[in-house]
Amino acid sequence: MGDIPRLRAELEASEFDAIVACSPENVRYISDVMIDTMKSIRDRLGFIVWAKGRDPVFILCQVEEAYVRQKTWIEDIRGYREFFVKPTDLLADVLKELGLADGKIGIELEYFAAKYLLSLKEQLPNLKVDACDPLFRKVRSIKTSREVATLQEAFRGTEKAMLATFATTRVGETEYSLSRRLADGIMLSGADIVAFNHINAGPNTGFPHAAPTGYQVQKGDYVKADSGGWYPGAYPSNVGRTAKMGKPTAEEQDIWKRLREIHHTIADMLRPGNTGGQLFDVAAKLHAKHGLPFPFAHNGHSIGLELHEYPMIKPEENTVFEPGMVCTVETRIRFVGEKGLHMEDLYHITESGPVLLSDAFDNEEILVV
């Protein structure tokens, strides 16, 4: 699903003799297989070693080998027996085999733990190592058409689950009940698992990521959700929506209108040539203009195999938006212990401007239950 030809071209143009993917996400990006135990059992390492002019070598725990062989396009697969062979020893052996014991490799230093790097250097003391995280970020920031379609389906599925949950919320229902119903909806929409599920009511909406409680929904409450699932292909959704239990007051309608104006302005700036830093500065100014607090560290982010990817709408984000990128716009206000409102949408950046992908739950007017 990823852009393997582009990754190969970036490798060939890089300073590295080889790159080593070791995070679950980049191993998945190259191989087309997500190994779940790489996430849940952190010392069960997997590597893809890709040397210039060569085909990649896949190193993984033997317990996953049969499954991976059925799913990946990579032919050279090396399995290690857990607790009998150190994964980094097998990595060192492969690098020696490729003639890179004295070479320069790029590895994901933002993920690869220091103890594993030290172990590798013990085996290959002349090996030169530097970070290849920026290379992977550059390639993955431009989505393929399949990635865009997969993300749109994921967001739409989660939106529909939220809309169904909100529309059937009743006074007296607990947050526990809301959370279970939304989780069921996300799964029924096609998700493999629920990634995160924050749905709260009343004063608990003032927190960004509160766990559900026994709080019972009251008339006049806001109900707010920031939730997502992992969908087939290991791509996530990340949707924010808000509803109101009963007709909002004139003041509440005015606040929502101001938030929507900010949301639309920032979304319209998701155009080639602009940067996330520019959008963040505009968001801060618009909140001040509209008399709304803005204590946030970011106002949106790209998304792919990870929930938060680059570029982001954040201070000093200098990456220029390009056609093919995707980015969320995340507009919200929070008053701890009182209320919170949240809207988060996904956009595809094209030559002619942003295209809304999360279009299954229109939140232009706050949903009244």
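In UniProt numbering, the protein residues as written are 1 to 369. Virtual Cβ for every residue (Gly too), placed ideally from N, Cα, C. Remember, predicted model here, so these are calculated numbers, not experimental data.
Residue i and residue j closer than 8 Å at C-beta
i	j	result
I35	E65	no
E317	T350	no
S141	M325	yes
I333	K244	no
G304	Y222	no
C22	Y111	yes
K247	V368	yes
A164	G185	yes
E159	F294	no
G214	D226	no
E330	G300	yes
I313	L279	yes
I107	V129	yes
Residue i - DSSP class collapsed to helix/strand/coil
i	result
G202	helix
L182	helix
K244	strand
N299	coil
M343	strand
A167	helix
A21	strand
P134	helix
V217	coil
W73	coil
H263	helix
H308	coil
P212	coil
Rounded separation between residue i and residue j - CA only
i	j	result
T169	G53	58 Å
R258	N200	22 Å
G202	E344	19 Å
I41	H308	21 Å
L118	S31	26 Å
R271	P323	8 Å
L292	G157	31 Å
L178	A250	27 Å
I4	F16	17 Å
F136	S302	14 Å
G89	E12	Before going further, note that residue 89 is Asp rather than Gly in the sequence given. The straight-line gap from Cα to Cα measures roughly 26 Å.
Y116	Y29	22 Å
L346	H264	12 Å
G2	K143	7 Å
H298	D93	43 Å
N363	A288	23 Å
W256	R6	42 Å
Cut-off 8 Å between Cβ atoms - residues of its own chain near residue i, not counting five sequence neighbours on either side
i	result
E82	R44, C61, Q62 and V63
T319	S141, T275, G276, Y310 and P311
L95	A18, V49, A101, G103, I105, L124 and L127
D55	I74, E75 and D76
V68	S31, V33, I35, F58, L60 and I77
G273	V320 and F321
Check: residue i C-beta below 7 Å from any heavy atom of the ligand NAP
i	result
Y231	In the structure shown, the ligand NAP is absent, as is every other ligand, since no ligand is present at all.
Close beta carbons around residue i, own chain, < 7 Å, minus the five adjacent residues each side
i	result
E306	E25
L109	A131 and D133
V194	A183, I186, M187 and G229
Close beta carbons around residue i, own chain, < 6 Å, minus the five adjacent residues each side
i	result
V27	A21, G46 and I48
E173	V217
V148	H348
S237	A154, F155, T158, G228 and G229
H290	R258
Interface flag, residue i vs chain C, CB-CB below 8 Å
i	result
Y310	No chain C appears in the structure shown, which is made up of a single protein chain.
Is it a yes or a no for the segment 186 to 206 touching the segment 231 to 239, going by three-plus beta-carbon pairs under 8 Å? yes
Should the segment 206 to 214 be called in touch with the segment 328 to 348, which here means at least 3 C-beta pairs below 8 Å? yes
Is it a yes or a no for the segment 146 to 164 touching the segment 112 to 126, going by three-plus beta-carbon pairs under 8 Å? no
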